[in-house]
Amino acid sequence: MPKSKLAADTINDFRSGQELASANTTQLRKTIAELEERIHAQDLLIEEQKQAIVEKEAETHDLAYELDVLCGVIYDPRHTGQVLARELQDGYKQYARIQQLTKANEKLVNFLEELEDSFQHIINAVIANVEAALAALDQMPATDETANMHARAKKEIQGIMRAKKAGQISPANCLRQLADVEYGIVSFITDRPALTFKKAEHYRAALLVETLYRDAKAKSLNSANAIQIISTAEEKPIARMQARRAMEWAARLQPDKVLLRKRGQGKGKTWLLCKIGSKEVNKS
């Protein structure tokens, strides 16, 4: 083959390479153009974001300025218009809310005062019950057990009332503790049949009859004698009413041995527990 001629295959390969190079260049240029457009769009977006940030900063600055004016840090007589109107509207809303809370608080205070008064009435009633229980305990025969119970209950009551007065316990807690003391006293009495009211009266009545018959010369006992006899035996003073109740029980329980006579009227009435067959019994 002459040197001046190229093979057909060689020519075809050259054309294919040239077309490929031309096609690659076109695609590359297209890709570059697309990237440039995307970069430009990103630049625009960044600029928009920058502008938005600037606007937000300005808005924040305005809000901070308004806050300073509202708080009194800055005085600005020009602070009027829509901003002031919005602030006034918000202020009215807050004021209305404060008024509602104030009224609700007043109602709550009144309710608490009524509740405290109610608690005090209940506490007074429970204290009265406790004192009645202590009085019942006093009417029983004096023993170490009853004396200790009485002293402990009195001490607990005093401690509870001191704590309430000092504000160390709530009225409700005070009420619960007083109720516990009352329950303790009542349980102490009812759980001991030997110390019930009836047993106590029987004991005192029998004591009076026994003392009266122990002394052959004695014909009768008056209220003062009964008080002395029972108080000495129980090692604690008793009331005249308790002594006279014991005299009544003596006459009921042992009518074959003693008779109760009452002389006079009103406070000057004399009570006599007399032996059967004595001169006092035969007197009219």
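According to our numbering, the sequence shown is numbered sequentially starting from 3.
Glycine is no exception: its CB is placed at the ideal position from the N, C-alpha and C atoms.
Contact under 9 Å by Cβ, residue i with residue j
i, j, result
"L2", "L275", "One cannot answer for residue 2 here, as it falls past the ends of the chain, which runs 3 to 286."
"T148", "F121", "no"
"E203", "R247", "yes"
"N227", "T272", "no"
"G186", "A235", "no"
"V188", "I159", "no"
"M249", "A207", "yes"
"K300", "Y205", "Only positions 3 to 286 of the chain appear in the structure, and residue 300 is not among them; the question remains open."
7 Å CB neighbourhood of residue i in its chain, flanking five on each side removed
i, result
"I231", "L209, L210 and T213"
"I129", "L180"
"H261", "Going by the sequence as given, residue 261 is Leu instead of His. Closer than 7 Å at Cβ, skipping near neighbours: A253, C276, I278 and V283."
"R242", "S225 and I229"
"G266", "T272"
"I240", "I229, I232 and S233"
"Q244", "Q141"
"T82", "Because T82 sits at a pLDDT of 49, beneath the cut-off of 50, its placement in the model cannot be relied upon, and the point is left open."
"I125", "P173, C176, L177 and L180"
"I162", "C176, Q179 and L180"
"F16", "At F16 the pLDDT is 48, less than 50, meaning the model places this residue with poor confidence and gives no usable figure here."
"E116", "none"
Beta bridge counterpart(s) of residue i as assigned by DSSP
i, result
"T192", "In the DSSP output, where bridge partners are listed per residue, T192 has none listed."
"V260", "K277"
"S222", "C276"
"R265", "T272"
Contact set for residue i: own chain, Cβ-Cβ below 6 Å, skip 5 residues either direction
i, result
"N107", "none"
"R166", "The question names Arg, but residue 166 is Lys in the sequence shown. Cβ within range, chain order: C176."
"I13", "A caution first: I13 carries a pLDDT of 48, below 50, which makes its placement in the model too unreliable to give a value."
"M3", "In this prediction, M3 scores a pLDDT of 44, lower than 50, which makes its location untrustworthy; no coordinate-derived value is stated."
"L46", "none"
Same chain only: Cβ atoms within 8 Å of residue i, ignoring 5 sequence neighbours per side
i, result
"H152", "L136, L139 and D140"
"A23", "With a pLDDT of 49 at A23, under the threshold of 50, the predicted position of this residue should be treated as unreliable, and no value is reported."
"F113", "none"
"I100", "none"
"Q53", "none"
"E118", "P173"
| said: For the segment 145-162 against the segment 252-259, do three or more pairs of beta-carbon atoms, one drawn from each stretch, fall closer than 8 Å, so that the two count as touching? | reply: In short, these stretches do not touch, since the Cβ pair count stays below three.
| message | Does the segment 215-228 come into contact with the segment 162-177, if we say contact requires no fewer than three beta-carbon pairs (one atom in each stretch) closer than 8 Å? | response | No, because fewer than three Cβ pairs between the segment 215-228 and the segment 162-177 fall closer than 8 Å, the two stretches do not touch.
| request: Could you name each continuous beta strand (DSSP E) segment of 3 residues or more that falls completely within the segment 202-250, going from the start of the chain to the end? | output: Inside the segment 202-250, DSSP marks whole beta strand (DSSP E) runs of 3 or more residues at positions 222-224, from first to last along the chain.
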